[in-house]
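Asker: Handing you this structure, nothing more for now.
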Amino acid sequence: EPEVTQTPSHQVTQMGQEVILRCVPISNHLYFYWYRQILGQKVEFLVSFYNNEISEKSEIFDDQFSVERPDGSNFTLKIRSTKLEDSAMYFCASSVETGVGEQYFGPGTRLTVT
Amino acid sequence: SQQGEEDPQALSIQEGENATMNCSYKTSINNLQWYRQNSGRGLVHLILIRSNEREKHSGRLRVTLDTSKKSSSLLITASRAADTASYFCATVGSNDYKLSFGAGTTVTVRA
């Protein structure tokens, strides 16, 4: 069964460093998302992406964040200058149709900022 | 805020018993979805119920939706140890396409 994959599974970085989290959505899906979950807290929406542009973003998704679909398969989230509070589990998701349909989540990347 | 809120926060039951958890939300929705998360793992989609639906079944899962009360319930029948997980409701608003998650219900099924 097709699934969303994410790499790496765990990333440790120092404050101020740039990180890139990678995702491979399900191949026939057109809509892509990033969510994050700080330990013990709710899953929070960051950004949605369709047709090579951001379709919606949350207040969390400030200028330090960017997303890209560099080729036909990968979908990346970049954090330019990480902060301690960026430590969280980051989930990528994809869907065939817009968010009105079910979204398929990857296993997540645990980002630890020290 | 659109976000759903689950109740109870935690639930402990014996294997074979039913588990019921509830979700309330604040504004109009296009649909409501339930997800499961095993400890430290990703989210697995369980079931989606649209705003014009009142009840939906999938295997041992039964979901109801009451849009007049802005609430939903998830029933897991004949629970198994493998059902031990956190369960989240997530709403999709009428005018947006993102999932807004609640805080989740942690279910422990004792063997």
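Chains as they are written, first to last, in my numbering: chain G, 1244 to 1357; chain S, 12 to 122. Where a beta carbon is used, it is the ideal one built from N, C-alpha and C, also for glycine. Just so it is clear, the structure is predicted and the values come from calculations on it, not from any experiment.
Cα separation between S/LYS109 and G/GLU1302?
Answerer: The sequence position of residue 109 of chain S within the second sequence is 98, counting from 1. The sequence position of residue 1302 of chain G within the first sequence is 59, counting from 1. Approximately 13 Å, taken between the alpha carbons.
Asker: Rounded to a whole number of angstroms, what is the C-alpha to C-alpha distance between S/ALA92 and S/ASN29?
Answerer: In the second sequence, counting from the first residue as 1, residue 92 of chain S sits at position 81. In the second sequence, counting from the first residue as 1, residue 29 of chain S sits at position 18. Those two C-alpha atoms are separated by around 12 Å.
Asker: Between the C-alpha atoms of G/THR1250 and S/LEU72, what's the straight-line distance to the nearest angstrom?
Answerer: Here residue 1250 of chain G refers to the residue found at position 7 when the first sequence is read from its first residue. Here residue 72 of chain S refers to the residue found at position 61 when the second sequence is read from its first residue. The alpha-carbon atoms of G/THR1250 and S/LEU72 are separated by roughly 32 Å.
Asker: Using 7 Å as the limit for Cβ to Cβ distance, is G/SER1291 near chain S?
Answerer: Start at 1 with the first residue of the first sequence, and residue 1291 of chain G comes out as number 48. Output row for G/SER1291: interface = yes.
Asker: Within its chain, find whatever has a CB closer than 8 Å to the CB of G/SER1309; leave out the 5 residues flanking it on each side and keep chain order.
Answerer: Translated into the one-based positions of the first sequence, residue 1309 of chain G becomes position 66. Counting only Cβ-Cβ distances below 8 Å, and skipping sequence neighbours, we find LEU1320, LYS1321 and ARG1323.
Asker: Here's the rule: buried if 16 or more other CB atoms are within 10 angstroms of the residue's CB, otherwise exposed. What is G/LYS1326?
Answerer: In the first sequence, residue 1326 of chain G corresponds to position 83, counting from 1. Burial call: exposed.
Asker: DSSP three-state call for G/GLU1328: helix, strand or coil?
Answerer: The sequence position of residue 1328 of chain G within the first sequence is 85, counting from 1. Reduced to three states, the DSSP call for G/GLU1328 is helix.
Asker: Using a C-beta cutoff of 7 Å, does G/SER1337 count as contacting chain S?
Answerer: One-based indexing of the first sequence puts residue 1337 of chain G at position 94. For G/SER1337, the answer is no, since every Cβ of chain S falls outside 7 Å of its Cβ.
Asker: Evaluate S/SER12 with the Cβ neighbour count: other Cβ atoms within 10 Å of its Cβ, from every protein chain shown; 16 or more gives buried, anything less gives exposed.
Answerer: The residue you call residue 12 of chain S lines up with position 1 of the second sequence. Model confidence at S/SER12 stands at a pLDDT of 46, short of 50, so the residue's coordinates are unreliable; what they give is reported in the following sentence. So S/SER12 ends up on the exposed side.
Asker: What's the call for S/ARG121, buried or exposed, on a 16-neighbour Cβ count within 10 Å?
Answerer: On the second sequence, position 110 is the one that residue 121 of chain S refers to. It counts as exposed.
Asker: Are the C-beta of S/VAL74 and some C-beta of chain G separated by less than 7 Å?
Answerer: Position 63 of the second sequence, counted from the first residue, corresponds to residue 74 of chain S. By this cut-off, S/VAL74 is not an interface position.
Asker: Reducing DSSP to helix, strand and coil, say where S/ALA93 ends up.
Answerer: Your numbering for residue 93 of chain S matches position 82 in the second sequence. DSSP places S/ALA93 in helix when its eight states are reduced to three.
Asker: Taking C-beta pairs closer than 9 Å, name the residues in chain S that G/TYR1333 reaches, listed in chain order.
Answerer: Taking the first sequence and counting its residues from 1, the one referred to as residue 1333 of chain G is at position 90. None at all; the shortest Cβ gap to chain S is about 11 Å.
Asker: Quick check on this structure: which residue in G/PRO1350, G/GLY1351, G/LEU1282 and G/ASN1295 has the alpha carbon closest to the alpha carbon of S/ALA114?
Answerer: For the purposes of this step, residue 114 of chain S is taken as the residue at position 103 of the second sequence. Closest option to S/ALA114, Cα to Cα, is G/LEU1282.
Asker: Under 7 Å, Cβ to Cβ, is there at least one residue of chain S near G/VAL1310?
Answerer: Sequence index remark: in the first sequence, residue 1310 of chain G carries index 67 (1-based). No, G/VAL1310 lies away from the interface with chain S (no Cβ there is under 7 Å from its Cβ).
Asker: Report yes if the CB atom of S/VAL103 is closer than 7 Å to the CB atom of S/ASN42, and no otherwise.
Answerer: Position 92 of the second sequence, counting from 1, holds the residue named residue 103 of chain S. Position 31 of the second sequence, counting from 1, holds the residue named residue 42 of chain S. The answer is yes: Cβ separation under 7 Å.
Asker: Is it the case that the region 1250-1268 of chain G contacts the region 1342-1353 of chain G, given that we only count it when at least three CB pairs across the two stretches are under 8 Å?
Answerer: Because the criterion of three Cβ pairs below 8 Å is met, the region 1342-1353 of chain G and the region 1250-1268 of chain G touch.
Asker: Alpha carbon to alpha carbon, what distance is there between G/VAL1339 and G/HIS1272?
Answerer: Here residue 1272 of chain G refers to the residue found at position 29 of the first sequence. Here residue 1339 of chain G refers to the residue found at position 96 of the first sequence. Going by the C-alpha atoms only, they are around 4 Å apart.
Asker: Within the continuous beta strand (DSSP E) that includes S/LYS67, where are the two ends?
Answerer: The residue you call residue 67 of chain S lines up with position 56 of the second sequence. Counting along the chain, the beta strand (DSSP E) containing S/LYS67 begins and ends at 66-69.
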